[in-house]
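Following: one structure in structure tokens, then a few remarks.
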Amino acid sequence: MPELPEVESIRQGVAEWVTGRQIGSVTVMHPRAIRRHPAGPDDFARRLIGATVTGTRRRGKYLWFPLDTDDALLCHLGMSGQLLIKAPEDPDGPHLRIRLSLDDPDHELRFVDQRTFGEMLVSADGAEAPDEIRHIAPDVFDPGFDPAAFTTALRMRRSHLKRALLDQSLISGIGNIYADETLWRTRIHGGHPTHTLTVELVSELLANLRDVFTEALAAGGTSFDELYVRANGESGYFDRSLAVYGKQGQPCPRCSTPIVREKFTNRSSFYCPQCQPVA
DNA sequence: GTTGAGTCCTGAAAGC
DNA sequence: TGCTTTCAGGACTCAA
1 MPELPEVESI RQGVAEWVTG RQIGSVTVMH PRAIRRHPAG PDDFARRLIG
51 ATVTGTRRRG KYLWFPLDTD DALLCHLGMS GQLLIKAPED PDGPHLRIRL
101 SLDDPDHELR FVDQRTFGEM LVSADGAEAP DEIRHIAPDV FDPGFDPAAF
151 TTALRMRRSH LKRALLDQSL ISGIGNIYAD ETLWRTRIHG GHPTHTLTVE
201 LVSELLANLR DVFTEALAAG GTSFDELYVR ANGESGYFDR SLAVYGKQGQ
251 PCPRCSTPIV REKFTNRSSF YCPQCQPVA
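Residue numbers (full-length UniProt numbering): 1 to 279.
As structure tokens, this is what we get:
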């Protein structure tokens with residue numbers, strides 16, 4: 001499940017292979033992969049063919065490839081999306097959704113997505129900042145991220161903390177795994193009312209979030225199965241460092257109390273009932 | 001503004 | 001063994 005560290009690992013992995021490369025051909029194997037490109041696969045391909053990729057950028061879980069046409073190829077990996085650099089002669093595999101050939105005879109870019117929650121689209125004039133993600137807030141590593149503004153916005157919410165952390169219009173890049181890990185490090189329950197949070201606690205939360213992301217990025221991301229791999233096909237190994245996510249019944253690394261799993265906003269949440277008492 | 005439910009989808013795992 | 005059901009997740013929509 002790609003969250004910020006996984007998406008950033010993938011961005012770094014594909015950058016050297018696509019930057020400066022001209023797109024040769026585009027094949028859309030599954031229409032759902034471009035469902036937010038309403039003009040259809042022919043238009044999708046027409047806008048890409050002949051364009052040169054000028055870089056790779058990311059905001060939260062979205063990444064995009066600015067093009068020399070001022071358009072951008074925007075991508076969200078959803079639950080199971082992968083961007084892979086492959087040799088053209090490598091077998092397609094059953095979940096190949098989009099293939100982009102480059103002016104590099106030995107490599108091509110493939111969008112592979114088992115569960116088809118991921119998508120690509122061409123954003124018109126989106127090279128600098130695609131319109132389609134203008135509602136996505138900066139992530140914690142974005143130079144435009146304002147901790148004071150985030151703290152104010154969070155405390156003005158009448159919601160629960162975990163739900164707010166997963167709201168990409170408030171802060172981006174956080175998914176279920178890193179939300180649970182950050183909450184555990186901050187010793188706070190996801191159901192904590194946002195309007196009762198102190199400034200100091202939000203500051204501690206953000207510091208822990210940065211730490212979790214930084215450590216995960218250094219590990220190449222979290223891989224539970226083959227659904228997340230880096231551009232070179234290798235798995236990340238941060239799952240070995242997870243304290244609570246997926247650890248129900250196992251001892252809390254801090255106090256040895258068994259980790260609890262419960263449904264929260266239609267998602268599984270994992271927490272230590274001793275370290276993170278219900279608010 | 002916020003919540004909760006529903007939708008999309010696939011494949012593994014569990015249940016029968 | 002084979003079929004059916006459940007589950008996992010992110011983004012989005014919609015009714016309340």
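Virtual Cβ for every residue (Gly too), placed ideally from N, Cα, C.
Keep in mind that this is a model prediction, so the values were computed, not measured.
Open item on the list: Quick check on Lys-247: does DSSP put it in helix, strand or coil?
Closed with: Lys-247: coil per DSSP, three-state reduction.
Open item on the list: DSSP three-state label for Glu-89, please.
Closed with: DSSP places Glu-89 in coil when its eight states are reduced to three.
Task: Whole-angstrom distance between Gly-175 and Ser-203, CA atom to CA atom - done: Cα to Cα, Ser-203 sits roughly 19 Å from Gly-175.
Open item on the list: Once DSSP output is grouped into helix, strand and coil, what is the label at Val-140?
Closed with: In the structure shown, Val-140 sits in coil (DSSP, three-state: anything other than H, G, I, E or B).
- [ ] Quick one: measure Cβ to Cβ for Ile-10 and Tyr-62, integer angstroms, because I've assumed they're closer than 8 Å.
- [x] Not really, about 12 Å apart at Cβ, beyond 8 Å.
Task: Of the listed residues Ala-124, Phe-213 and Ser-101, nearest to Asp-90 (C-alpha basis) - done: Considering only alpha carbons, the answer is Ser-101.
TODO: Go ahead and label Pro-251 buried or exposed: buried means 16 or more other beta carbons lie within 10 angstroms of its beta carbon, across all protein chains shown.
DONE: So Pro-251 ends up on the exposed side.
Open item on the list: Nearest by alpha-carbon distance to Ile-136: which of Gln-168, Phe-150, Leu-109 and Asp-146 is it?
Closed with: Ranked by Cα distance from Ile-136, the options Gln-168, Phe-150, Leu-109 and Asp-146 are led by Gln-168.
Open item on the list: Considering just the uninterrupted stretch of the alpha helix (DSSP H) at Pro-41, what are its terminal residues?
Closed with: Boundaries of the alpha helix (DSSP H) around Pro-41: 40-48.
TODO: Under 8 Å by Cβ, that's how I've got Pro-38 and Val-28 pegged, so tell me the actual separation to the nearest angstrom.
DONE: Going by Cβ atoms, the distance from Pro-38 to Val-28 rounds to 14 Å, so no, they are not a contact pair.
Open item on the list: Helix, strand or coil for Ala-148? Go by DSSP, reduced to three states.
Closed with: Here Ala-148 sits in helix by DSSP.
- [ ] Check the DSSP bridge columns for Gly-81 and list the partner residues they point to.
- [x] Note: Gly-81 sits in a beta bridge opposite Asp-113.
- [ ] Over the uninterrupted alpha helix (DSSP H) stretch that includes Val-260, give me the two end residues.
- [x] In the DSSP assignment, Val-260 falls outside any alpha helix (DSSP H) and lies within the beta strand (DSSP E) extending over 260-264.
TODO: Keeping to the same chain, check which residues put their C-beta closer than 8 Å to that of Val-260; ignore five residues upstream and five downstream.
DONE: Only Gln-248, Phe-270, Tyr-271, Cys-272 and Pro-273 meet the Cβ criterion.
Task: Environment of Gly-60 [buried if 16+ CB atoms lie within 10 Å] - done: A residue is called buried once 16 or more other Cβ atoms fall within 10 Å of its Cβ, and Gly-60 is buried on that count.
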